[in-house]
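Residue numbers (this note's numbering): 72 to 310.
For glycine and all other residues, C-beta sits at the position ideal for the given N, C-alpha and C.
Right, one structure below, let's go through it.
Below you can see the structure in the form of structure tokens.
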């Protein structure tokens, strides 16, 4: 019963965070506009992304602190800390390959062009408010893994089986990003996160993989040209 209450409080916190921008980002916009700051809307959305997600993460961790049993390993033999970290790194690599495969399917069978609008929006916010990077790399993985893997997947698993629980949680994870053209990519990522959580029985594993993935995306976006030039020079040296 206590775990159900904890899950409910976390879900409420997450939902309030998602909806809070309607009010608080608007208030920030009026403040920034009053002081004639450049791009007040971008600044308002960026700052509230950081403040809102940061606050939600802190509240969520405080809720869990009162119910430490909430993040206990899944039933079964849990992996050691070192093995969980290793699986987190491996899971990150698996997601990269999974996303590449999903992207190829989208292009070949559905004619969907590569590129995430959601990622571009976050990077645009981060260009004005660098603190948004904390939201992308740290806050989002913690919140999303607790919601979609610990709560949704963890609740469905004892009542169904791995495949059904992983499928529902990964589709929910994909839908919440509101980028339906790339729903396959998000769903594949969510499924792999669920797999490594199930494999190690520890939620920290999928959080690590998710953080590494988001961190990699940020670095790839920031240093895209430099990375391309590096590999071009490397290819020339190997010829």
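CB of residue 177 within 8 Å of CB of residue 255, strictly: yes
Cβ-based burial, residue 295 [other Cβ within 10 Å; buried from 16]: By the neighbour-count rule (16 or more Cβ atoms within 10 Å), residue 295 is not buried but exposed.
Any 3 or more C-beta pairs closer than 8 Å across the stretch 121-140 and the stretch 201-212: yes
Residue interval of the alpha helix (DSSP H) (run including residue 281): Unbroken alpha helix (DSSP H) run through residue 281: 274-293.
Distance cut-off 7 Å: residue 177 Cβ against heavy atoms of the ligand SAH: Looking for the ligand SAH in the displayed structure turns up nothing, as the structure carries no ligands at all.
Cα-Cα separation between residue 127 and residue 213, rounded to whole angstroms: 10 Å
At least three beta-carbon pairs within less than 8 Å, the stretch 224-234 to the stretch 153-171: no
Reference residue 189; option with closest CA among 273, 288, 274, 241: 288
Cβ-Cβ separation, residue 268 to residue 260 (assumed contact under 8 Å), whole Å: Not quite, the Cβ-Cβ distance comes to about 13 Å (not below 8 Å), so this is no contact.
Buried versus exposed call for residue 300 [16 or more other C-beta atoms within 10 Å across all chains shown]: exposed
Distance, residue 150 Cα to residue 191 Cα: 36 Å
Runs of alpha helix (DSSP H) wholly within the stretch 182-207 (minimum 4 residues, chain order): 188-199
Between the CA atoms of residue 222 and residue 78 - distance to the nearest angstrom: 6 Å
Burial state of residue 172, where buried means 16 or more other Cβ atoms lie within 10 Å: exposed
Inter-residue spacing [alpha-carbon to alpha-carbon] between residue 139 and residue 106: 45 Å
Residue burial classification, residue 265 (beta-carbon count within 10 angstroms, cutoff 16): buried
Run of the alpha helix (DSSP H) containing residue 250, from where it starts to where it stops: Run containing residue 250: none; DSSP gives neither H nor E here.
For residue 114 and residue 199, believed in contact at Cβ under 8 Å, the rounded distance: 5 Å
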